[in-house]
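Peer 1: Here this note's numbering is used: the first residue of the sequence shown is 1, the next is one more, and so on. Glycine included, C-beta positions come from ideal geometry on N, C-alpha and C.
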Amino acid sequence: MVYHIMCEVQSEQEKALDEFLTGKMKKFWLSNPGVSRYHVYGDHLANKLERIVTIEVGDFGNFDKILALDERKELRNELMTVASHVQSRVLQMIE
Numbered sequence: 001m002v003y004h005i006m007c008e009v010q011s012e013q014e015k016a017l018d019e020f021l022t023g024k025m026k027k028f029w030l031s032n033p034g035v036s037r038y039h040v041y042g043d044h045l046a047n048k049l050e051r052i053v054t055i056e057v058g059d060f061g062n063f064d065k066i067l068a069l070d071e072r073k074e075l076r077n078e079l080m081t082v083a084s085h086v087q088s089r090v091l092q093m094i095e
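1. Closest to H39 by CA distance: which of L30, V86, L69 is it?
2. Name the DSSP beta bridge partners of T54, please?
3. Quick one: Cα of S84 to Cα of E8, how far?
4. Can you tell me whether L79 is buried or exposed? The criterion is at least 16 other CB atoms within 10 Å of its CB, across all chains shown.
5. Are the CB atoms of D59 and M1 within a distance shorter than 9 Å?
6. What are the partner residues of L91, as DSSP defines its beta bridges?
7. Taking DSSP's pairing of strands, which residues face S84 in a bridge?
8. Okay, do the region 10-19 and the region 63-77 touch, 3+ Cβ pairs below 8 Å being the bar?
9. Can you list, in chain order, the residues of its chain with a C-beta nearer than 6 Å to that of Q87? Leave out the 5 residues immediately preceding and following it.
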């Protein structure tokens with residue numbers, strides 16, 4: 001399954017957001033059992049600054065444990081201070 005986070009960022013916060021997503025967030029997610037991949041993307045076609053984070057997690061059991069961690073909640077709060085319109089979804093591969 002893939003945990004997908006999408007957010008917008010103001011140009012003056014772009015560097016701070018990128019450093020946060022490729023630093024603290026990446027380190028946290030990849031240190032957890034079951035997490036195999038973490039990527040940050042910019043949307044080339046968007047008419048605003050957006051970032052998309054994809055986190056590949058082996059199963060829902062691992063994912064639910066990670067979601068319950070206080071550190072994950074703190075990182076989510078920090079994300080909300082540098083980004084706007086934060087949305088997330090969990091994608092399950094069909095094929």
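Peer 2: Answer, in terms of the structure:
1. L30
2. H4, H39
3. 5 Å
4. buried
5. yes
6. V2
7. E8
8. no
9. M6
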